[in-house]
Amino acid sequence: MTEKSARKIVVLGAGNILLRDEGIGVHVIREMEKMDLPPNVELLDGGTLGIDILNLIEGADKLVIVDAVKTEAETGAIFRFRPEDIKTVSKGYKTSLHQIDLFEALKIAKLMDQYPESIVIGVQPGKIDWGLELSPELREKIPAIIDVVLEEIAKG
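Numbering (numbering that gives the first Met the number 0), first residue to last: 0 to 155.
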């Protein structure tokens, strides 16, 4: 086994499945769970985890995050970027560590020297309203999103 293939890769699906397309990351993970992946790849349903993500990614060499990313692009557009490329806007004071979002948690991981190489596969959502079903446009994009994730896994 080569050093590259032995690297621990965590694929984290983020988002709120109660808000339709906002949950795209979780839906992708559920589809990938049906696949035969290498033993060094771990799939995680990150849902809406905040600070709790730190325990889940501990020991990972690479983190691939799949999440909805709102842009001006068409529904289903797929983006690849590093977490540090995105500027997060604080939504005000936090009263609890449970209110820390995914990208804030990654900043904390970096400060704690527990930050793996990280890539975000962002997907432009269409429908963000109450409901468990993805929009038809996003449901059709799942295979293409998985292909992008598999490319990241292949890079090691």
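Glycine included, each C-beta is placed from N, C-alpha and C at the ideal position.
Item	Value
Outcome for Glu12 when other beta-carbon atoms lying within 10 angstroms are tallied against a minimum of 16	For clarity, residue 12 is Gly in the given sequence; the question names Glu instead. Flag for Gly12 reads buried.
Buried or exposed by the 16-neighbour rule on C-beta atoms within 10 Å, applied to Asn54	exposed
Proximity winner among Asp44, Gly46, Ile28 and Glu73, relative to Glu136 (alpha-carbon distances)	Glu73
Selection from Val9, Leu17, Ile144 and Arg29 that minimises the alpha carbon distance to Phe78	Ile144
Residue span of the alpha helix (DSSP H) that contains Val148, given as start and end	Pro135 to Lys154
Nearest-angstrom Cβ-Cβ length linking Asp20 and Ile127, presumed shorter than 8 Å	6 Å
Delimiting residues of the alpha helix (DSSP H) encompassing Arg29	Ile23 to Met31
For Ile16 and Glu57, the rounded distance between their alpha carbons	25 Å
Through-space distance from Gly46 to Glu150, alpha-carbon basis	23 Å
Closest by C-alpha distance to Ala67, when choosing among Glu83, His26 and Ser117	His26
Euclidean distance between Cα positions of Glu41 and Glu139	24 Å
Cβ shell of Met34 (< 6 Å), same chain only, five flanking positions each side left out	none
Cβ distance (whole Å) where Val9 is taken to contact Ala59 below 8 Å	4 Å
Backbone secondary structure at Asp60 - three-state DSSP	coil
Reference Glu83, options Ile118, Lys61, Gly125 and Trp129, closest by Cα	Ile118
With 16 other Cβ atoms within 10 Å as the buried cut-off, status of Pro38	exposed
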